[in-house]
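Going by UniProt numbering, the letters in the sequence shown line up with residues 1 to 152, in that order.
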Amino acid sequence: MEMSEKLYQLRKERGWSQEEVAVELQVSRQTVSKWESGATMPDTKRLKQLSDLYGIGVESLLKGSALPNAQQPFDTASDLIDWTSAWAKKYPILQEYKTMEDIHKHQEKIDIWFQRFQQVYGTNDLDTFLILKDMLYQSYLKRNEKNKADRE
Numbered sequence: 001m002e003m004s005e006k007l008y009q010l011r012k013e014r015g016w017s018q019e020e021v022a023v024e025l026q027v028s029r030q031t032v033s034k035w036e037s038g039a040t041m042p043d044t045k046r047l048k049q050l051s052d053l054y055g056i057g058v059e060s061l062l063k064g065s066a067l068p069n070a071q072q073p074f075d076t077a078s079d080l081i082d083w084t085s086a087w088a089k090k091y092p093i094l095q096e097y098k099t100m101e102d103i104h105k106h107q108e109k110i111d112i113w114f115q116r117f118q119q120v121y122g123t124n125d126l127d128t129f130l131i132l133k134d135m136l137y138q139s140y141l142k143r144n145e146k147n148k149a150d151r152e
């Protein structure tokens, strides 16, 4: 049985709607629908949440499911790396900012923004992260260009 079928079956067995599962996992109903139709697969974080929600192991969810592409083993390994610690050697601010006063308030706002973006566009965690990261990078580049022009 494919994972999409398992997700559908587990939800129906419990009498839950897609909306109820979506609220529990803090994703859109459309995201749950895409998982159950096999259009997309949950990312690693959501797989863990789904396994906890349904009370089964991640392996049980994945058993019998084909890997969507050859990229998945790399993605899984990549997910295991603590990238913040890896980059903090070159950029110490990545560790230092965590002790800044009231930084948690900004993190909460970012979390809300992240969730709203997902609800509006129906993107999964990874796609949302990549899009927002790119948007932030584009803003950074634009500011650098403006600052450079101001200095000239």
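Don't be surprised by glycine CBs; every beta carbon is placed ideally from N, CA and C. All of these numbers come straight from a predicted model, not from anything done at the bench.
Residue i in three-state terms, based on DSSP
i	result
TYR54	helix
GLY134	Checking the displayed sequence, the identity of residue 134 turns out to be Asp instead of Gly. Helix.
VAL23	helix
MET3	helix
GLU13	helix
ASP43	coil
LYS146	helix
LYS89	coil
GLU59	helix
Exposure of residue i, with buried meaning 16 or more beta-carbon neighbours within 10 Å
i	result
ASN124	buried
LYS6	buried
LEU50	buried
ARG151	exposed
MET41	buried
TYR97	exposed
GLN107	exposed
C-beta atoms of residue i and residue j nearer than 9 Å
i	j	result
SER4	SER37	yes
ILE110	TYR121	no
ARG116	TYR54	no
residue 201	ALA39	Here the chain has residues from 1 to 152 only, and residue 201 is not among them.
LEU126	ASP43	yes
First and last residue of the uninterrupted alpha helix (DSSP H) at residue i
i	result
TRP35	29-37
GLU108	103-121
GLU96	93-96
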